[in-house]
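Below is one structure, written out as structure tokens, with a few remarks after it.
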Amino acid sequence: MQAAGSLSRAPAARVVVVEDEADVRRLLEFNLTGAGFDVVGLESAAQVADTVAREDAALVVLDRMLPDGDGLAVCSEIRRDERLAGLGILLLTALGSEADRVAGLSAGADDYVVKPFSVREVVARVRILASAVETRRKARQLDAAGARIFRWRDVLVDVFRHRVFGAGVEIELRPFEFLLLLTFLETPDQVWSREALIAKLWNGEVSTSRRTIDVHIRRLRERLGPFGEVVETVHGVGYRLRPE
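And the structure:
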């Protein structure tokens, strides 16, 4: 692993780092603090959800292999906790196969980093995810008079408040899922390749596998339920907004 060096400032979001290897945890705490984050470190799976809720964290950097529990189980526990609906999750693990990545994303992680890693890359991914989470939190406090609305059939998206409704019922989306849906709604005539979506969501700062986009799309469709057909697969190319 390599130290991050000089890093640009980031919003003072709170990040919980769950990592049992003390040297790795301290390295992440040092660099994330230097990047402007408020960092809380944990060394085990016990009480992760309660700690994250108590600290009002924006996201958690979660090691998958912990001495007292599987990070995937912790990830799933967090996603079942209504207090943590908007929390970002970045999984950190030595398991780097495509199947492992898909399993992590399917368990509820927003992003996935394989060890050994560049600290600079981890900080960049944390910055991107924290920004999306914080933007969503602040948007929910905006006055409705400033609303910017997109509609697709019975789906309504309030951009400024980061809220999505299907036939009048609110649908909870995680940050990257919301950004994907908004991307398609903003560009109804465009077919997006996976590479273009990666560049947009991660701002071109980090490399991410094409499979990661497929998993996020699948989760978006699942969360939208009967309205999941809003995203159409263009075979051999990518995805687009399904024409009404």
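Per my numbering, numbering of the sequence shown is gapless, rising by one per residue and ending at 350.
Yeah, the Cβ is synthetic: ideal placement off N, Cα and C, and Gly gets one too.
Backbone CA spacing between residue i and residue j [nearest angstrom]
i, j, result
"Val-321", "Leu-211", "7 Å"
"Glu-149", "Thr-314", "27 Å"
"Ala-250", "Leu-279", "Caution applies to Ala-250, whose pLDDT of 48 falls short of 50 and renders its modelled position unreliable; the value that the coordinates give is listed next. In a straight line, the C-alpha of Ala-250 is about 19 Å away from that of Leu-279."
"Ala-118", "Asp-169", "22 Å"
"Thr-339", "Arg-132", "43 Å"
"Ala-128", "Leu-134", "10 Å"
"Thr-355", "Arg-327", "Within the shown structure, residues of the chain are numbered from 107 to 350, placing residue 355 beyond reach of any answer."
"Gln-153", "Gly-142", "25 Å"
"Arg-254", "Val-275", "18 Å"
"Asp-126", "Phe-136", "16 Å"
Residue nearest to residue i in terms of C-alpha spacing, selected from the options
i, options, result
"Asp-187", "Leu-291, Ala-141, Gly-214, Ala-209", "Gly-214"
"Pro-294", "Phe-333, Glu-350, Phe-271", "Glu-350"
"Gly-272", "Arg-329, Leu-307, Leu-285", "Arg-329"
"Val-270", "Gly-334, Val-123, Val-124", "Gly-334"
Run of the beta strand (DSSP E) containing residue i, from where it starts to where it stops
i, result
"Glu-125", "Element bounds for Glu-125: n/a, residue is neither H nor E."
"Asp-144", "144–148"
"Thr-339", "337–340"
"Val-275", "275–277"
"Arg-270", "Reading the sequence as shown, one finds Val at residue 270 and not Arg. Note, Val-270: beta strand (DSSP E), 269–272."
"Leu-196", "194–199"
Collapsed DSSP secondary structure at residue i in the structure displayed
i, result
"Leu-165", "strand"
"Val-219", "strand"
"Met-107", "The predicted position of Met-107 is uncertain, since its pLDDT is 47 and thus under 50; no value can be drawn from it."
"Thr-318", "helix"
"Val-265", "coil"
Closer than 8 Å is the cut-off here; do at least three beta carbon pairs connect the segment 193–205 with the segment 287–304?
no
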